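>
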Amino acid sequence: VNLPKLLREMPKAELHIHIEGSLEPELIFALAERNGVKLPYANVEALRAAYAFTNLQSFLDIYYAGASVLLHEQDFYDMAWAYLQRAAADHVVHTEIFFDPQTHTERGVPMATVINGLHRACADAQTQLGVSAQLILCFLRHLSEEAALHTFQEALPFKDKFIGVGLDSSEVGHPPEKFKNVFALAHAHGLHLVAHAGEEGPPAYMWSALDVLRVERIDHGVQAVHDAALMARLAKDRTPLTVCPLSNQKLCVFPDLKDHNIGQLLDAGLCVTINSDDPAYFGGYINDNFVQTFEAAGLTAQHAYVLARNSFEASFVTEAQRQKWI
Ligand code: ADE
Ligand code: ZN
10 VNLPKLLREM PKAELHIHIE GSLEPELIFA LAERNGVKLP YANVEALRAA YAFTNLQSFL
70 DIYYAGASVL LHEQDFYDMA WAYLQRAAAD HVVHTEIFFD PQTHTERGVP MATVINGLHR
130 ACADAQTQLG VSAQLILCFL RHLSEEAALH TFQEALPFKD KFIGVGLDSS EVGHPPEKFK
190 NVFALAHAHG LHLVAHAGEE GPPAYMWSAL DVLRVERIDH GVQAVHDAAL MARLAKDRTP
250 LTVCPLSNQK LCVFPDLKDH NIGQLLDAGL CVTINSDDPA YFGGYINDNF VQTFEAAGLT
310 AQHAYVLARN SFEASFVTEA QRQKWI
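Using the UniProt record's numbering, read the sequence shown as starting at 10 and increasing by one per residue.
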């Protein structure tokens, strides 16, 4: 078989993509121009040259600066629509998209502007691209739980426009249990729960994401290999891990893609998925993640089938819809 062709053309779900991380430098500059926002970079090339990251925080600083050009509902629509077209080209048939409202509301952008723009793009993806797209609201963990609770209250009038809540931004020093109350509240509202854990942070953060926040999926989770009991738990419960190999390489979680532990996670029987995280910053969309990871880790067509199947198993679609894809 032509493995790269199989990887690129197989139907798949993407479950770990930050919409602000899909903002390409060209669109950042176009929106800066349209909105009269001054950027601390002279041009697209200068901005791209700054994409040399040493860890998560060095990326986040630039990622939040890039998002500062987003002001109007159409800006959020244009960003999401660009991603959705790109995802459709990669044969993504279903995507669950993270967004960081606090990055925008802290700059005075209304919650309605953010959610309505993103949601309109998701609705158009279904009708115009045949891609089903849902939104997951993420809390910024470097901010307080009080700020997260305030954000959640602001988002509640739009509860029909997102399916769950997540937790992202600077991991180390901000354990999941800091957000126990807001996750319990989101659960009481019938929302799905996910959290970033075990990207740079220790296995202990994965345990508390599971046992304190009661999340259904863990985003990244690659540090689980350092805790045998955790590996057994994840395998037994089939708790999905939304792994993002190019992100892990670019943020120096692993020295090189060939050092990534995805093979070990798959061999242990975990429900692993492959995703792009922040494709505009990490040098590739989902299919680039598949092709480069398979090459580096020596994965096979059988792994391709397992990963595609896992992506649908791990998704928050109805059982009837899942059966159509599996
Ligand atoms: N926000 C965007 N990408 C992220 C990542 N990889 N980890 C934590 N927060 C993020
Ligand atoms: Zn992420």
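Backbone N, C-alpha and C fix where the C-beta goes; we use that ideal spot for every residue, glycine too. Treat the numbers as computed from the prediction; the structure is a model and nothing was measured.
Where does histidine 159 fall in DSSP's three states?
Of the three classes helix, strand and coil, the one that applies to histidine 159 here is helix, per DSSP.
> With a CB to CB cut of under 6 Å and the five nearest residues on each side skipped, what residues in its chain are close to residue 349?
The structure shown does not extend to residue 349, since the chain is modelled only from 10 to 335, so the question has no answer here.
> Compute every distance between the C-beta of aspartate 286 and the non-hydrogen atoms of ligand 2, then say whether any falls below 6 Å.
yes
> So what's threonine 114 in DSSP terms, helix, strand or just coil?
In this structure, DSSP gives threonine 114 a helical state, which the three-state scheme calls helix.
> For aspartate 109, which option in Gln332, Leu69, His100 has the closest C-alpha, if you only look at C-alpha atoms?
Leu69
> Quick check on glutamate 105: buried or exposed, where buried means 16 or more other Cβ atoms within 10 Å of its Cβ?
The residue in question, glutamate 105, is buried, as its Cβ has 16 or more Cβ neighbours within 10 Å.
> Just to confirm the assignment: which complete alpha helix (DSSP H) runs, minimum length 4, are found wholly within the region 17-103?
34-44, 53-58, 65-75, 82-98
> Expressed to the nearest angstrom, what Euclidean distance is found between the alpha-carbon atoms of tyrosine 214 and alanine 241?
16 Å
> Touching or not, the region 13-27 and the region 280-289, by the rule of three or more beta carbon pairs under 8 Å?
Yes, since at least three Cβ pairs between the region 13-27 and the region 280-289 fall closer than 8 Å, the two stretches touch.
> Give the single residue among Leu16, Thr63, Gln135 whose Cα lies nearest to the Cα of residue 7.
The requested residue 7 does not occur in the structure, where the chain is confined to residues 10 to 335.
> Which residues in the same chain as threonine 114 place their Cβ atom closer than 8 Å to its Cβ, once the five residues preceding and following it in sequence are excluded?
Met120, Val123, Thr160, Glu163, listed in sequence order.
> With a threshold of 6 Å (Cβ to nearest heavy atom), would histidine 205 be considered close to ligand 4?
Although ligand 4 was asked about, the structure shown includes only ligand 1 and ligand 2 as ligands.
> Flag this pair as yes or no: are the beta carbons of valine 281 and leucine 250 separated by less than 7 Å?
yes
> Can you round the beta-carbon distance between glutamate 225 and leucine 194 to whole angstroms, since I take them to be within the 8 Å contact cut?
Going by Cβ atoms, the distance from glutamate 225 to leucine 194 rounds to 16 Å, so no, they are not a contact pair.
> Could you tell me if arginine 150 is buried or exposed, where buried requires 16 or more neighbouring beta carbons within 10 angstroms of its beta carbon?
buried
> For the candidate residues Val174, Leu36, Val46, Arg223, whose alpha-carbon lies nearest to that of valine 53?
The shortest Cα separation from valine 53 among Val174, Leu36, Val46, Arg223 belongs to Leu36.
> For valine 315, which of helix, strand or coil comes out of DSSP?
helix
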